[in-house]
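I have placed the structure first, in the form of structure tokens, so that the comments after it can refer back to it.
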Amino acid sequence: MSIAAPRTATAIGRRGASRRGTSRRTARTLFAVLGVVLSAIWVFPVYWMLNSSLLPAVTLDQTTPTLLPFGGSFANFAKILDGGTFFPALGMSVLIALVTVIVCLAFAFLAALAISRFRFKGRRSFVLAVLFIQMLPAEGMFIAQYKLMDSLNLLNSVIGVSIIYIAAVVPFTIWMLRGFVAGVPADLEEAAMVDGLSRTQAFLRITFPLLAPGLVASGVYAFLQAWNEFTVALVILQNSESHTLPLWLRGFVQQSASRTIDWGQVMAASTLVAIPVIIFFLFVQGRMTSGLVSGAVKG
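Per this note's numbering, the sequence shown starts with residue 7, numbered consecutively.
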């Protein structure tokens, strides 16, 4: 009896471990299948856009959908690029996005340092104001923004749109970078100041490089907001010469709607608008992912 009992207990423990291992493998398999299905759902619209951009209008007008671009070409892209309106809109979007990202990161970095490193009167009110600004509906400020830009003669200008974008994006970037700054020990800056650096030099030489993942994540957010924004640009940029890519795409679709819509060219235009964002995202993907995770943990 004394020998059989341990053996029985050992056998039961092995069966329990085997069952737990089987259930874990089953759960992993189910999650993997779910991930593949969700990925296919998200990727298919992008594939359909690319596929349709390579096909002629005659093929796209058929009742039976064409899932593979057999017999396709880059003719739709060539027609759009030869039109002469894409590159000015691309330049406008790039310029506005760069101004927005650079100014937002500069303001957010300094504000995050002030909130995390200093104790001053009104600090709590400032943090609450940052949160409150994010809750304001953008649509409720369109008229005021238009009147303000009109009074400053900044309609149809890069500066006018950039000011509005910066005001909209800065609160969130401050809140995001605050978590990263709080995650950098203040002892590092104090040790640098003991070695002879000023506080400003300690911030720039010690803290700033350690905030690279957070700056990348915040910069990506600011870039996407400035690149994809449509409504404010529609209100402020009224001249066709100053249109950004979202406005250019809207005008292109409207021109196509005036006649028989060439869906191949519409999809090609949509692809051209999306390509810079995809390239930018692939370029910063690694740093952005680590930045978002680090900010979530440290904040």
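For each residue, glycine too, the CB sits at the ideal point set by N, CA and C.
Practice prompt. Tell me whether valine 167 sits in a helix, a strand or coil according to DSSP, three-state version.
Written response: helix
Worksheet item: Going by the C-beta, is glycine 270 closer than 7 angstroms to any heavy atom of the ligand COA?
Response: By its list of ligands, the structure shown contains no ligand whatsoever, and the ligand COA lies outside what it can speak to.
Worksheet item: Below 8 angstroms, can you find three or more Cβ-Cβ pairs linking the stretch 57-72 to the stretch 263-283?
Response: yes
Discussion item. Can you check which of these residues, Leu96, Phe80, Phe178, is closest to cysteine 110 by C-alpha distance?
Written reply: Phe178
Worksheet item: Just checking, does the stretch 60-76 make contact with the stretch 86-103 on the three C-beta pairs under 8 angstroms criterion?
Response: no
Discussion item. Could you check whether glutamate 195 and isoleucine 212 sit closer than 8 angstroms to each other, using their CB atoms as the reference points?
Written reply: yes
Worksheet entry | Reduced DSSP category for isoleucine 267 - H, G, I as helix; E, B as strand; rest coil | coil
Discussion item. Below 8 angstroms on the Cβ atoms is my contact criterion, and I expect threonine 106 with tyrosine 171 to pass it. Report the Cβ-Cβ distance as a whole number of Å.
Written reply: 5 angstroms
Discussion item. Can you list, in chain order, the residues of its chain with a C-beta nearer than 6 angstroms to that of glutamate 247? Leave out the 5 residues immediately preceding and following it.
Written reply: none
Worksheet entry | Proximity to isoleucine 149 [Cα-Cα], best of Gln261, Ala239, Asp193 | Ala239
Worksheet item: lysine 127 by DSSP, collapsed to three states: which one?
Response: coil
Worksheet entry | Start and end residues, alpha helix (DSSP H) containing aspartate 201 | No alpha helix (DSSP H) contains aspartate 201, which DSSP labels as neither H nor E.
Worksheet item: Taking the alpha-carbon positions, what's the alanine 114 to phenylalanine 209 distance?
Response: 14 angstroms
Worksheet item: How far does the alpha helix (DSSP H) with glutamine 244 in it reach, from first residue to last?
Response: Note, glutamine 244: premise wrong, no alpha helix (DSSP H); not H, not E.
Discussion item. How far does the alpha helix (DSSP H) with aspartate 88 in it extend, from its first residue to its last?
Written reply: 81-88
Item to complete: Please check the pair valine 222 and valine 290, which I expect to be a contact at CB under 8 angstroms, by giving their CB distance rounded to whole angstroms.
Response: 5 angstroms
Worksheet item: CB alanine 103 to CB tryptophan 233, shorter than 8 angstroms?
Response: yes
Worksheet item: Near threonine 65, which residues of its chain fall below 7 angstroms by C-beta distance, leaving aside the five closest residues on each side in sequence?
Response: Thr72
Discussion item. Using the three-state DSSP reduction, which class does leucine 288 fall into: helix, strand or coil?
Written reply: helix
Worksheet item: Closest to tryptophan 181 by CA distance: which of Gln140, Ser157, Ala95, Asn162 is it?
Response: Gln140
Discussion item. By the three-class DSSP mapping on this structure, what secondary structure does leucine 217 have?
Written reply: coil
Worksheet entry | Reduced DSSP secondary structure (H/G/I, E/B, other) of glutamine 261 | helix
Fill in: Sub-8 angstroms separation of leucine 243 and asparagine 162 beta-carbons
yes
Fill in: Element boundaries [alpha helix (DSSP H), containing alanine 63]
63-66
Worksheet item: What whole-angstrom Cβ distance do glycine 220 and leucine 183 have, given they're in contact under 8 angstroms?
Response: 5 angstroms
Fill in: Rounded C-alpha distance that separates alanine 192 from asparagine 245
50 angstroms
Worksheet item: So methionine 155 is in the alpha helix (DSSP H); what residue range does that whole segment cover?
Response: 148-157
Fill in: Beta-carbon contacts of leucine 251 that lie in its chain and below 7 angstroms, excluding the five residues immediately before and after
Ala95, Leu96, Ser99, Val279
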